[in-house]
Amino acid sequence: MDFNQEQRTAIFSDKPLVVISAGAGSGKTRVLTERYIHLCELKLASLLKGESSDVAADVQEIVAITFTEKAAREMKERIRKRIIELVSLAEETRHEQQELVINFWKQQKEALDQAHISTIHGFCHQLLHDFSLKAEIPPNFSILDELDATLMKHEIFTELFADSQLMMQSRELFNFYSKSQIQEAIEAVYAKVNELEAGVELRTFFDVNKIIHLQLEQLESDKQLLISHFHKQAVVCVEQFPPVDTLKGAQAKHIVAIEDCFTQLSEDLEPNAYFEKLQ
């Protein structure tokens, strides 16, 4: 086949680990297919010579991971075609070990149906299925797709919000948040729990005092931002007041009082102190 030097290096390298980095449509799948076949060819060569190899492998010993199921199917089909070609070539080429070579490639063709060519999710699913007892999970487990997961979450929250006792306990929350906001918050907490390392206790993770402290800090920060915004806008308004000498009586006194107030105020004041001076 026609390959450039970089592709040939990737295909025929004798190193166990080879990184291939290239853009879309550059022939990565073709190179990976040939790399796959080359590993099998090395395995055959080691069998013929009675020697071992750190790089050689047959179909049952290779794991090929793709981004999509479609790519996995395409790669498996390409490998199948190449193996069929090699079976035909072995049948046409006569030599002492012809039968061994033919049987080897036929075995690879048969093994290809069970080959580990899949997405990372598919490979992990198969791994867990094969070693379910060690993983301490039911062997007949299934993986939820995105649609199933969405439907299940909808059912769970429907049951949750239909629980009258729970709703009574949470009534204060519903005074400030909608059902959708509460649902988003629960999902966010659930996601954080899933990120916890094994052995971490939830009681340690959800430190009530720490959570309250962080909430109070956030409230103070929000207050400070509101004061800063209010102060800047108020100063702009005060600067636009008409000159005091153009006003009379109570109106003039009122304007002077406001100007004096904002002369003494600063947006950097602690929130409670700012409100006290403003009053």
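Residue numbers for the sequence shown follow my numbering, beginning at 219 and rising by one.
Note that beta-carbon positions come from the ideal geometry of N, C-alpha and C, so glycine has one too.
Predicted model only: the values in this text are computed from it and were never measured.
| Asked | Found |
| --- | --- |
| Starting from V474 and walking both ways along the alpha helix (DSSP H), at which residues does that stretch end? | 467 to 482 |
| Exposed or buried, what is F493 when buried is set at 16 or more other beta-carbons lying within 10 Å of its beta-carbon? | exposed |
| For A329, tell me which candidate among R389, L365, M370, C258 has the shortest Cα-Cα distance. | C258 |
| So for A308, helix, strand or coil by DSSP? | helix |
| Where does E252 land, buried or exposed, given buried means 16+ other C-beta within 10 angstroms? | buried |
| Helix, strand or coil: which one does DSSP assign to V411? | helix |
| So what's A240 in DSSP terms, helix, strand or just coil? | coil |
| My parser needs the beta strand (DSSP E) runs of 3 or more residues fully inside the region 304 to 381; what are they? | 334 to 337 |
| For T286, which of helix, strand or coil comes out of DSSP? | coil |
| Does the Cβ-Cβ distance between E292 and T337 come in under 9 angstroms? | no |
| Mark M408 as exposed unless 16 or more other C-beta atoms lie within 10 angstroms of its C-beta, in which case mark it buried. | The amino acid at residue 408 is misidentified as Met; the sequence shows Tyr. Classification for Y408: exposed. |
| Assign V273 to one of three DSSP states: helix, strand, or coil. | coil |
| Got a sec? Which residues, its chain only, sit under 8 angstroms from L265 by beta carbon, not counting five neighbours each side? | L318, F322 |
| Who are V281's beta bridge partners in DSSP? | H334 |
| Do L260 and S244 have their C-beta atoms closer together than 9 angstroms? | no |
| Determine the DSSP secondary structure at F230, reduced to helix, strand or coil. | helix |
| Pairs of beta-carbons, one from the region 475 to 485 and one from the region 446 to 456, closer than 8 angstroms: are there three or more? | yes |
| Rounded to the nearest angstrom, what separates I301 and Q326 at their Cα positions? | 7 angstroms |
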